[in-house]
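Colleague: Each protein sequence line maps, in turn, to chains A and B.
With numbering that gives the first Met the number 0, letter number 73 in the first sequence gets 72, and the count goes up by one each step, no holes.
With numbering that gives the first Met the number 0, letter number 291 in the second sequence gets 290, and the count goes up by one each step, no holes.
First the structure, then my questions, so here it is.
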Amino acid sequence: MRDLLYGMSSLPSDYFAVFGIPVTLALDLPEIQRRFYVLSKQYHPDRFGRASAAEQQYALDFTSLLNDAWRVLRDPQARAEYVLKNNGLEAGDSRGNPPPAELLEEVFELNMALEELRQGEAEARGPIGEALNRFLALREAIDTEREELFLRYDAHRQAETLQQLRALLNRRRYIENLVRDAQQALS
Amino acid sequence: MSVFQIDFGSPDSGQESAPPRVVGIDLGTTNSLVAFLDLTAPKVIPGPDGSALVPSVVSFPAGAEPVVGAAAQRALLTDPANTVYSAKRLMGRGAADVAGELALLPFPVAPGSESVIRLAVGGREVTPPEVGAYILRQLKQNAEAFLGEPVTQAVITVPAYFDDAQRQATKDAGRIAGLEVLRLVNEPTAAALAYGLDKRQNGTIAVYDFGGGTFDVSILKLQEGLFEVLATHGDTHLGGDDIDNLLLRVALEDIASEWGADLSGNHEALQRLRRAIIDAKHELSTRPVTTIAFDDGGREYRRQLPREVFDQLITPIIDRTLASCRSCLGDAGLTPAAIDEVVLVGGSTRIPLVRQAVRALFEAEPHTELNPDEVVALGAAVQAGILAGTVEDQLLLDVTPLSLGIETMGGVVSKLILRNSTIPASATEQFTTAVDGQRNVLIHVLQGERELAKDCRSLARFDLKDLDPVMAGMARIEVRFLIDANGILRVSAKDLRTGKEQAVEIKPSYGLTDEQVEAMILESFDKAEEDFKERQVRETRVEADRILAAVEKAKQDDAWFALPPDERAGIDRAINELLLSYHGDDYVLMQQKMEALDHASRGLAEAMMNSAVRGALKGTKIE
Numbered sequence: 000m001r002d003l004l005y006g007m008s009s010l011p012s013d014y015f016a017v018f019g020i021p022v023t024l025a026l027d028l029p030e031i032q033r034r035f036y037v038l039s040k041q042y043h044p045d046r047f048g049r050a051s052a053a054e055q056q057y058a059l060d061f062t063s064l065l066n067d068a069w070r071v072l073r074d075p076q077a078r079a080e081y082v083l084k085n086n087g088l089e090a091g092d093s094r095g096n097p098p099p100a101e102l103l104e105e106v107f108e109l110n111m112a113l114e115e116l117r118q119g120e121a122e123a124r125g126p127i128g129e130a131l132n133r134f135l136a137l138r139e140a141i142d143t144e145r146e147e148l149f150l151r152y153d154a155h156r157q158a159e160t161l162q163q164l165r166a167l168l169n170r171r172r173y174i175e176n177l178v179r180d181a182q183q184a185l186s
Numbered sequence: 000m001s002v003f004q005i006d007f008g009s010p011d012s013g014q015e016s017a018p019p020r021v022v023g024i025d026l027g028t029t030n031s032l033v034a035f036l037d038l039t040a041p042k043v044i045p046g047p048d049g050s051a052l053v054p055s056v057v058s059f060p061a062g063a064e065p066v067v068g069a070a071a072q073r074a075l076l077t078d079p080a081n082t083v084y085s086a087k088r089l090m091g092r093g094a095a096d097v098a099g100e101l102a103l104l105p106f107p108v109a110p111g112s113e114s115v116i117r118l119a120v121g122g123r124e125v126t127p128p129e130v131g132a133y134i135l136r137q138l139k140q141n142a143e144a145f146l147g148e149p150v151t152q153a154v155i156t157v158p159a160y161f162d163d164a165q166r167q168a169t170k171d172a173g174r175i176a177g178l179e180v181l182r183l184v185n186e187p188t189a190a191a192l193a194y195g196l197d198k199r200q201n202g203t204i205a206v207y208d209f210g211g212g213t214f215d216v217s218i219l220k221l222q223e224g225l226f227e228v229l230a231t232h233g234d235t236h237l238g239g240d241d242i243d244n245l246l247l248r249v250a251l252e253d254i255a256s257e258w259g260a261d262l263s264g265n266h267e268a269l270q271r272l273r274r275a276i277i278d279a280k281h282e283l284s285t286r287p288v289t290t291i292a293f294d295d296g297g298r299e300y301r302r303q304l305p306r307e308v309f310d311q312l313i314t315p316i317i318d319r320t321l322a323s324c325r326s327c328l329g330d331a332g333l334t335p336a337a338i339d340e341v342v343l344v345g346g347s348t349r350i351p352l353v354r355q356a357v358r359a360l361f362e363a364e365p366h367t368e369l370n371p372d373e374v375v376a377l378g379a380a381v382q383a384g385i386l387a388g389t390v391e392d393q394l395l396l397d398v399t400p401l402s403l404g405i406e407t408m409g410g411v412v413s414k415l416i417l418r419n420s421t422i423p424a425s426a427t428e429q430f431t432t433a434v435d436g437q438r439n440v441l442i443h444v445l446q447g448e449r450e451l452a453k454d455c456r457s458l459a460r461f462d463l464k465d466l467d468p469v470m471a472g473m474a475r476i477e478v479r480f481l482i483d484a485n486g487i488l489r490v491s492a493k494d495l496r497t498g499k500e501q502a503v504e505i506k507p508s509y510g511l512t513d514e515q516v517e518a519m520i521l522e523s524f525d526k527a528e529e530d531f532k533e534r535q536v537r538e539t540r541v542e543a544d545r546i547l548a549a550v551e552k553a554k555q556d557d558a559w560f561a562l563p564p565d566e567r568a569g570i571d572r573a574i575n576e577l578l579l580s581y582h583g584d585d586y587v588l589m590q591q592k593m594e595a596l597d598h599a600s601r602g603l604a605e606a607m608m609n610s611a612v613r614g615a616l617k618g619t620k621i622e
């Protein structure tokens, strides 16, 4: 197993290269997980307890990169943000942004209900629950759309697709925050 | 030594010497153990008294050498002010962290204990890592005596929920004890490894580890020898000690109202009362009722304690462990039904209520086949085997228990590595300067889940020094935060404009500095060298006695008189030389003289052997 290290002085250049694949948004996760385990077994620092300092350092660097890569790639949202960032498209901070226009009314109503609940009005739970269900449905629709954009980008690699993806991710993050607020209020 | 044996070549001659053995150590709050991997099975190593459990107690009698283990445990009653126990709860802590606890401890804390607790015992000051080092040194000696070889490398276990400072303090303890700590392993994970050895099944397991001072729960996925931790949770200040303290308070109140006397300032009485309480607690694990029995100055305190009352008292403590378990399940994204097996670790899991509560929560019958006191040390020995390369079919993928972040504007924490990330894990962050010509940037690193820096645990301040003076905002320093496989943070920085490595000065918030640890190593190394030498001299003398007795006996044999006179003279000369070296303290010289005698007497040994064989043949009737 140590032979693998010789001649490998530099680390893979990105999270996809760690697993030996090109940049791919629609990932075969079970296959990536299988590779994660195989690579862990080969490169984990525990396998180099008696190796030279240089080999131990490489094992540490490679394995931390491997773990970071698996953590990001296994999560579709984090994976997409990672690809956007590598293409110079930093995701905006959705917290400070105004809500997407089509959600304005919904958000207003949710905030009202949340405020009522905070004031001790238990009947506000009903509207919050309904709003939560609508947001969950919306999130599901976004995830379907996200999957389509993933496939489109993998097939054609167009910058335009990434722009669309970025807008979609921002919307999803916004909804995610609403879902969290509603769930917290109801728990 | 091979006197009077036919020598077919000593087993280690002509062979490459084996790599040093790595032992596994459970440095516990109440007891500590050392184990090793014997062929394929881990085994605990007994001490000179035959017991593998070394009480984690160190006594520092004024003007005398410290005493460790069972002997120190006796000193808890005779010399409580100079006897340190449960030092693990003070590891990597400052006085303010454990103020409530320190009030109950009979040993005083010296001033200047803000970042490292200094205990004033036996006319000196000791820190928790030094106390740990005394215990580790005892385990090291036990292992050396048992294995017959020097032991210099170890895997040491820590509670999964230990933060960076507590881990670092444990590593420091190892270094001070003369051990290279190859890996810190989380206790629940180690327990899973110990169980995994016999089972080798796939599935999801929960490890509930309730020890003397700490509580941990870990959920692992097992498949084909891979032990992947999905989530961990716990409390580094929750254990059997808390149950003892609870009962102690009750008893003290009772005594105050019955006797009209406050015992809380009387360390000697307090230790005896604590002992009586611990005995009662242990008894309740197997009996429905017990009595706390305590006498002081002719007065008697007797209190019946039925198990139902005990259960009621400790329910809040058990509930805290169950809340931890639920958080852990949530973090792993699992329901209790998804847990296939539950493993119990730690002495406090002997309490019937604990077993009942764990069974109810996870809806599974907990495993208790392995001794809950030994299972962690056994797992550490397996991990030692993995690191040494003797175990190749198993591997641990552990996680960091706490999120790592940096303080940003307004005292808010920006998280860089989230809790339950598989380690090693890393994150990089870019820093720049705020004013023209700024020469350094200070980064405050914290651990914890809260939003504000003041609510998290300060880990260290990293000072990026000697920056090139440039316009504000022009500097581009990339800092890499890496949590290694021990769960300890490493930081490096690079100036992106020049591509050069950037100097970082580390100011740990808690714990000893590197220089302090080095000084402690030097001090203990001198002593360890002496100790080692003294032991070697004693052991070599025992060996010499054996050989001299054997030769004296052989001189009564016919074979001796049949030897040529010059050979007999040679043997006598070798005996004399060995005797001359016998009372010196040069054990290497003694060993050389023993070998010389061995060599000189080889002819005699062969002659005796031949006559023995002839004698045996003569006595045998061929039928």
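A virtual CB, placed ideally from N, CA and C, is assigned to each residue, including glycine.
Note that this is a predicted model, so its numbers are computed, not measured.
Can you list the residues of chain A that L481/B reaches, using a CB-CB cut of under 9 Å?
Modeller: In chain order: L59, D60, S63.
Colleague: Do G91/B and A168/B have their CB atoms nearer than 8 Å?
Modeller: Contact flag set, yes.
Colleague: At the level of alpha carbons, what is the spacing between E227/B and L395/B?
Modeller: Rounded to whole angstroms, E227/B to L395/B spans 6 Å at the Cα level.
Colleague: In whole angstroms, what separates the C-alpha of C327/B from that of P335/B?
Modeller: Answer to the nearest angstrom: the Cα atoms are 10 Å apart.
Colleague: Beta carbons nearer than 8 Å to chain B: which residues of the region 105–135 of chain A have them?
Modeller: Those residues of the region 105–135 of chain A that come within reach of chain B (Cβ to Cβ, closer than 8 Å) do not exist; the list is empty.
Colleague: Just list the residues that DSSP pairs Y133/B with in beta bridges.
Modeller: DSSP lists no partner for Y133/B.
Colleague: What separation, rounded to the nearest whole angstrom, lies between the Cα atoms of Q165/B and L547/B?
Modeller: Cα to Cα, the separation comes out at about 52 Å.
Colleague: So that I know if they touch, is there some Cβ in chain B lying closer than 8 Å to that of N85/A?
Modeller: For N85/A, the answer is no, since every Cβ of chain B falls outside 8 Å of its Cβ.
Colleague: By the three-class DSSP mapping on this structure, what secondary structure does N30/B have?
Modeller: Three-state result, N30/B: strand.
Colleague: Is R70/A close to chain B, meaning its C-beta is less than 8 Å from at least one C-beta of that chain?
Modeller: Yes, R70/A lies at the interface with chain B (some Cβ there is under 8 Å from its Cβ).
Colleague: Where does A331/B land, buried or exposed, given buried means 16+ other C-beta within 10 angstroms?
Modeller: Buried.
Colleague: Where does F18/A sit, in a helix, a strand or coil, going by DSSP?
Modeller: Of the three classes helix, strand and coil, the one that applies to F18/A here is coil, per DSSP.
Colleague: Name the chain B residues whose beta carbon is nearer than 9 Å to that of S186/A?
Modeller: Those within 9 Å of S186/A in chain B number zero; the least Cβ separation is about 11 Å.
Colleague: Should Y84/B and L76/B be called a contact, given that it needs their Cβ atoms to be closer than 8 Å?
Modeller: Not in contact: Y84/B and L76/B (Cβ atoms no closer than 8 Å).
Colleague: Starting from G99/B, trace the beta strand (DSSP E) in both directions and tell me its first and last residue.
Modeller: Taken as a continuous stretch (DSSP letters only), G99/B belongs to no beta strand (DSSP E), being part of the alpha helix (DSSP H) at 98–103.
Colleague: DSSP three-state label for S93/A, please.
Modeller: For S93/A, the predicted structure reports a pLDDT of 47, less than 50, and the residue's modelled location is therefore unreliable. A value from the coordinates is still provided. Looking at S93/A - three-state DSSP - the assignment turns out to be coil, as it is neither helix nor strand.
Colleague: Note down the Cα distance separating G238/B from A595/B, rounded to an integer number of angstroms.
Modeller: The straight-line gap from Cα to Cα measures roughly 58 Å.
Colleague: On the premise that Q152/B lies in contact with L183/B, defined as a C-beta separation below 8 Å, what is that separation, rounded to the nearest angstrom?
Modeller: 13 Å between Cβ atoms; not a contact.
Colleague: Taking all protein chains shown into account, do 16 or more other C-beta atoms lie within 10 angstroms of the C-beta of V216/B, making it buried, or fewer, making it exposed?
Modeller: Its Cβ being crowded by 16 or more others within 10 Å, V216/B is buried.
Colleague: Closer than 8 Å is the cut-off here; do at least three beta carbon pairs connect the region 252–272 of chain B with the region 294–308 of chain B?
Modeller: Segments in contact, yes.
Colleague: Less than 8 Å between the C-beta atoms of E428/B and V375/B, yes or no?
Modeller: No; because the gap between Cβ atoms is not below 8 Å, this pair is not in contact.
Colleague: Which bits of chain B does G48/A rub up against, with CB to CB less than 7 Å?
Modeller: Near G48/A (Cβ distances below 7 Å), the residues of chain B are L181, L386, A387, G388.
Colleague: Looking at the C-beta of P563/B, does it have a partner C-beta in chain A at a distance below 8 Å?
Modeller: No, its Cβ sits nowhere closer than 8 Å to a Cβ of chain A.
Colleague: Apart from the five residues on each side of it in sequence, which residues of its chain come closer than 7 Å, Cβ to Cβ, to Y42/A?
Modeller: Closer than 7 Å at the Cβ level, and outside the excluded window around Y42/A, lie A58, F61, T62, L65.
Colleague: In the DSSP assignment, find the unbroken alpha helix (DSSP H) run with R496/B in it and report its ends.
Modeller: That residue, R496/B, is in no alpha helix (DSSP H); it is neither H nor E in DSSP.
Colleague: Between the region 33–46 of chain A and chain B, which residues of the former have a C-beta closer than 8 Å to a C-beta of the latter?
Modeller: Correct list: Y36, S39, K40, H43, P44, D45, R46.
Colleague: Give me the chain B residues within the contact set of N66/A, using Cβ-Cβ distance strictly less than 9 Å, ordered along the chain.
Modeller: The contacting residues are L396, S420, T421, I422, P423, A424, S425.
Colleague: Does DSSP put R449/B in a helix, in a strand, or in coil?
Modeller: Coil, per DSSP.
Colleague: Give the secondary structure of S25/B by DSSP, where H, G and I count as helix, E and B as strand, and everything else as coil.
Modeller: Looking at the sequence provided, one finds Asp at residue 25/B rather than Ser. Residue state, collapsed to three classes: strand.
Colleague: Bridge partners of R301/B, per DSSP?
Modeller: Bridge partners of R301/B: A292/B.
Colleague: Just the chain A side, please: which residues come within less than 7 Å of P18/B by C-beta, in chain order?
Modeller: Per Cβ cutoff of 7 Å: R49.
Colleague: As an exercise, report each continuous alpha helix (DSSP H) stretch of at least 4 residues that is fully enclosed by the region 60–114 of chain B, in chain order.
Modeller: Runs found: 69–77, 98–103.
Colleague: Return helix, strand or coil for S63/A, following the three-state DSSP convention.
Modeller: In the structure shown, S63/A sits in a helix (DSSP, three-state: H, G or I).
Colleague: What are the boundary residues of the alpha helix (DSSP H) that S580/B is part of?
Modeller: Residues 564–581.
Colleague: Per DSSP, V154/B is paired with what?
Modeller: The partner list for V154/B (beta bridge, DSSP) reads G23/B, R182/B.
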